[in-house]
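Heads up: the structure comes next, in structure tokens.
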Amino acid sequence: MLSRSELKAFQAKSAYPSVSILAPTHRTAPANKADPIKVKNLVSKAIARLQKEFKKREVAAVVNNLKELVKQVDWQHTLDGLALFASATESLAVNLPFKVKPRAIVDETFATRDLVYALNRAVPYRVLVLGHTTYFYDAWTTVLEEHTKAPFPFEHRGPGGAAKLPGGVGVNRSAIRDEAMRKYFRTVDEAVAKIQKASPLPLVVVGVERNLAFYREVTSQQASIVGMLAGNHEKTAPLALGKLVWPVFEAGATVRRTEALVQLDDAVSASRHASGIDQVWRAVVGGKVRVLLVEKNFKYPADISPEGDRLMPFTGNGPAALDDVVDEVIERVMEAGGEVYFYGEDDLEVHQKIAVVVRS
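The opening residue of the sequence shown carries number 60 in our numbering; numbering runs sequentially from there.
Structural data, given as structure tokens:
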């Protein structure tokens, strides 16, 4: 899955014709057997439109890019949806961990709005799998993407790991092994802390009980940990692991959403909040937001005033016209290091569906 910044950059590209293919897919057989046919039918539909509007040679590069994207799809490892984007100079295939409606679109820009909407309303998190080899993942629902840049995956090279435990009379091998594990997990935690400092996210920690206990002793990330999963999962495939950690994260996230509501109540009493999209926008522009609470399905089209500090009636014309101001609010809060929590319909009705806790 693309990051927010990558998707935003791709969204800004403009060239006519730009083709977007969005198709629902399936993770497992036998449901996924029909996926290639359905995607190819959508591609054929787009190509037919291109060749009706242009001469074949004029759109040959676009058609080529589309066909190459289809060839590159690994149909045995798709997720819940697939997006194919192609122009004469750009091509990109993205597996999506959420369902999309089947569409073939030809326009000046790529049809990324649904992706931006879904990505902004997803809560990303990270998964740390402890063991003699320690793995680190970025996670989005049940989808895990492994950190493969050094130092991950992390190898335990000390006594009890790659190195043998010392022997001899009077040597307490258990104590040496345990201290080596603590030292190893301190080093792991330092690497995790660097990533978390640059981009803080909730963390689910996985490992056998002994390793979880050692990590709890040494970690600097206690405030970020939303849950732990006990068990040896060093060799568990990411697809299977994602299904195990997602419920753990969800349970922890529910607690955090409740805590955020308590923070909002306290902020209301202390006059450190803003409610409703207009007030929230002003707080966001002012860089004052610490916590954002928003109903998951809330959308609000509007124009941004020339000064940038007010919302105006939506015209649909020009770069100041935003199809969904809520997306922009979410992105700005996240980029500024604020916390974002999502709620069900009418959960924030008293706050007009959106509210923030501002910094004191």
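Quick reminder that beta carbons are idealized off the backbone N, C-alpha and C, glycines included.
Since the model is a prediction, treat every value here as computed from it, not as a measurement.
Query                                                                                                                                                                                         : Result
I'd like the list of long-range same chain contacts for Arg481, defined as Cβ closer than 8 Å, with 5 residues on each side in sequence excluded.                                             : This structure leaves residue 481 out entirely; the chain is present only between 60 and 419.
If you follow the alpha helix (DSSP H) that Val343 is part of, which residue opens it and which one closes it?                                                                                : Ile336 to Val344
From this set, Asn270, Val285 and Arg316, which residue's C-alpha is nearest Ala239's C-alpha?                                                                                                : Asn270
Could you pull out every unbroken beta strand (DSSP E) segment of at least 3 residues lying fully inside the segment 218 to 305, listed in chain order?                                       : 262 to 266 and 284 to 289
Compare the beta carbon distance of Val263 and Val327 with 8 Å and say whether it is the shorter of the two.                                                                                  : no
Does the Cβ of Asp362 have 16 or more other Cβ atoms within 10 Å, making it buried, or fewer, making it exposed?                                                                              : buried
Mind checking whether His292 and Val415 have CB atoms under 8 Å apart?                                                                                                                        : no
Is Lys160 close to the ligand SAM? I mean its beta-carbon at under 7 Å from any heavy atom of the ligand.                                                                                     : Absence of the ligand SAM from the depicted structure is noted, as is the absence of any ligand whatsoever, leaving it without description.
Measure the alpha-carbon distance for Phe244 versus Phe273 and round it to whole angstroms.                                                                                                   : 7 Å
Starting from Asp362, follow the beta strand (DSSP E) in both directions and report where the run begins and ends.                                                                            : Ala361 to Ile363
Quick check: Asp383 and Lys355, are their CB atoms within less than 8 Å of each other?                                                                                                        : no
Please go through the same chain and pick out, in chain order, the residues whose beta-carbon is closer than 8 Å to the beta-carbon of Arg341, but skip the five residues on each side of it. : Ala333, Asp368 and Arg369
For Ala257, I'd like the list of residues in its chain whose CB is within less than 6 Å of its CB, leaving aside the five on either flank, ordered along the chain.                           : none
Give the straight-line distance between the Cα atoms of His410 and Gly335, rounded to the nearest whole angstrom.                                                                             : 6 Å
Going by other Cβ atoms of all chains shown within 10 Å of its Cβ, with 16 needed for buried, is Met371 buried or exposed?                                                                    : exposed
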